[in-house]
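Counting along the sequence shown from 1, when you hit position 3 you're at 41 in our numbering, and nothing is skipped either side. To start, the structure under review is shown below, and the notes come after it.
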Amino acid sequence: MRLPIKLIVILIMPLFLATSVHKFYVSVTKVEYKEEQKSLQFIMRVFIDDFEQLLRERYDENITLNIPNESKEVDVYSKKYITDKIIVKLNGESIDFKFLGKEYEDDIVYFYLEIENVTKINSLEITNKVLFDLFEEQQNIVRTKIYSKNKSFILIPTNDKGVLKFD
């Protein structure tokens, strides 16, 4: 007995929907202390499509990232968003970082940040709320290398701050 094609499609379609891939929302920020340069350097990696969606929803629905004639507003919006969502306290005091820029590689956008004139690190507190306002499943991984010690933590919307001590 042959089943009609429509019936087969109707029976099989729920299987495909049930096994659809759920996207993983994650950023990774590498923080490294360059003692000779007295510099705390940040490299943050975010998926281009996630950040593009954020910029479209927050600032301009026509923004497209990683194209030859990318709008100059992308840098303005990126800097504004990143400086709003990342807060750094060094030795208990809030400190501003420089937004050095961004670059693209494959499906990732890299953001470069720096804090200059850092002579000693006793404690480092990082709040990273990047993309928490868009994706409730977002996780922001922070990996540090300070005084040759590697430490890391995962930040989520309900726990968006990590503190490290270097006494």
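Quick reminder that beta carbons are idealized off the backbone N, C-alpha and C, glycines included.
Check for me: the beta strand (DSSP E) holding residue i runs from which residue to which?
{"i": "Gln176", "result": "Looking at the DSSP string, Gln176 is not in any beta strand (DSSP E), and its letter there is neither H nor E."}
{"i": "Lys210", "result": "The requested residue 210 is not part of the displayed model; the chain covers only 39 to 205."}
{"i": "Phe135", "result": "First-last for Phe135: undefined, no H or E at that position."}
Between the Cα of residue i and the Cα atoms of the options, which residue gives the shortest distance?
{"i": "Ile164", "options": "Leu138, Val147 and Ile120", "result": "Ile120"}
{"i": "Gln177", "options": "Asn197, Asn188 and Tyr185", "result": "Asn197"}
{"i": "Lys76", "options": "Ile153, Ile101, Ser65 and Ser186", "result": "Ile153"}
{"i": "Phe135", "options": "Tyr185, Tyr142, Ile124 and Lys110", "result": "Ile124"}
{"i": "Asp88", "options": "Ser190, Tyr148, Lys187 and Gly200", "result": "Tyr148"}
{"i": "Tyr207", "options": "Glu111, Glu174, Pro106 and Asn104", "result": "In the structure as shown, the chain begins at 39 and stops at 205. Residue 207 is therefore absent and cannot be evaluated."}
{"i": "Leu103", "options": "Tyr115, Val114 and Glu90", "result": "Glu90"}
{"i": "Val168", "options": "Lys117, Glu99, Asp144 and Ser186", "result": "Lys117"}
Report yes if the CB atom of residue i is closer than 9 angstroms to the CB atom of residue j, and no otherwise.
{"i": "Ile205", "j": "Asn160", "result": "First, the residue type needs correcting, since residue 205 is Asp and not Ile in the sequence shown. Yes."}
{"i": "Ile105", "j": "Leu93", "result": "no"}
{"i": "Gly139", "j": "Asp122", "result": "no"}
Pop quiz: residue i and residue j are said to be a contact at Cβ under 8 angstroms. What is the actual Cβ separation, rounded to whole angstroms?
{"i": "Phe137", "j": "Leu151", "result": "6 angstroms"}
{"i": "Leu162", "j": "Ile179", "result": "Actually they are not in contact, since the Cβ atoms of Leu162 and Ile179 sit about 15 angstroms apart, beyond 8 angstroms."}
{"i": "Lys189", "j": "Leu172", "result": "Actually they do not touch by this definition, with Cβ atoms about 27 angstroms apart."}
How about residue i: is its Cβ closer than 8 angstroms to a heavy atom in the ligand MN?
{"i": "Phe89", "result": "Looking at this structure, you won't find the ligand MN or any other ligand, since it has none at all."}
Less than 6 angstroms between C-beta atoms, sequence neighbours within five positions excluded: which residues of the same chain meet that for residue i?
{"i": "Lys68", "result": "Ile81 and Arg181"}
{"i": "Ser132", "result": "none"}
{"i": "Leu78", "result": "Tyr71, Ile153 and Val156"}
{"i": "Tyr63", "result": "Phe173, Glu175 and Gln176"}
{"i": "Lys199", "result": "Thr165"}
{"i": "Glu141", "result": "Tyr148"}
Spatial neighbours of residue i within its chain, please: C-beta separation below 8 angstroms, excluding the five flanking residues on both sides.
{"i": "Ile146", "result": "Arg83, Val84, Phe85 and Ile86"}
So residue i is in the alpha helix (DSSP H); what residue range does that whole segment cover?
{"i": "Lys167", "result": "Run containing Lys167: none; DSSP gives neither H nor E here."}
Excluding the 5 residues preceding and the 5 following residue i in the sequence, name in chain order all residues of the same chain whose CB lies nearer than 7 angstroms to its CB.
{"i": "Gly130", "result": "Ser161"}
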